[in-house]
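Asks: For my numbering, add 499 to where a residue sits in the sequence shown, where the first one is 1.
Note that CB positions come from ideal geometry on N, CA and C, so glycine has one too.
Small disclaimer: the values here were computed from a predicted structure and weren't measured.
Let me begin by handing over the structure; questions about it come next.
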Amino acid sequence: MAKAPYQPPEQSKFGQLVDSLFLLVLVVASLFAPVYFGLAGGGKTAITFADKTWAGMGQNATMQAQWEKLGYTAETAHDMIASRFDYSFSLPALIVTALVVIVYFVFVFRLSAKEYKDVIAERFDR
């Protein structure tokens, strides 16, 4: 005896709206959570220069011209030039993140493969 064809449940317009808003809230929360908890943007270092001249801050003539086009002088650009981002990272944290992503994709692939086999069997095994 053949299985009855799978009939997916239909979702109401209100249910679709609630799901969409819920996903939007999750996306916004995941983007702002690192900022809120102070996990993002904290890696800055300050460099001290002997003098606040373009040459003293390591700026050549081309760089100086570009700063001046933007309306900055050596004194006003000093804080921006002296503030550098710290791009260091933790190798164990990188490895853990990579493992979490790989395990997630293996899980999704295995689950999807099972569902695809069921759909193929339903459509073509008569």
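Terminal residues of the continuous beta strand (DSSP E) containing residue 584?
Replies: That run of the beta strand (DSSP E) goes 582-584.
Asks: For residue 582, I'd like the list of residues in its chain whose CB is within less than 7 Å of its CB, leaving aside the five on either flank, ordered along the chain.
Replies: Only 543 and 545 meet the Cβ criterion.
Asks: At what residues does the alpha helix (DSSP H) containing residue 499 begin and finish?
Replies: Nothing about residue 499 can be reported from this structure: the residues present for the chain run from 500 to 625 only.
Asks: Would you kindly check if the distance between the Cβ of residue 555 and the Cβ of residue 548 is under 8 Å?
Replies: Contact flag set, yes.
Asks: Name the residue from 604, 597, 595 and 550 whose alpha carbon lies nearest to the alpha carbon of residue 578.
Replies: Residue 550 is the option with its Cα nearest to residue 578.
Asks: In the DSSP assignment, find the alpha helix (DSSP H) that holds residue 551 and state where it starts and stops.
Replies: No alpha helix (DSSP H) holds residue 551; DSSP gives it neither H nor E.
Asks: With respect to the alpha helix (DSSP H) encompassing residue 562, which residues constitute its N-terminal and C-terminal limits?
Replies: Element bounds for residue 562: 560-568.
Asks: Return helix, strand or coil for residue 544, following the three-state DSSP convention.
Replies: Strand.
Asks: Using 8 Å for Cβ pairs, my map puts residue 553 next to residue 565. What's the rounded Cβ distance?
Replies: In fact, because the Cβ distance is near 11 Å, the residues do not count as touching under 8 Å.
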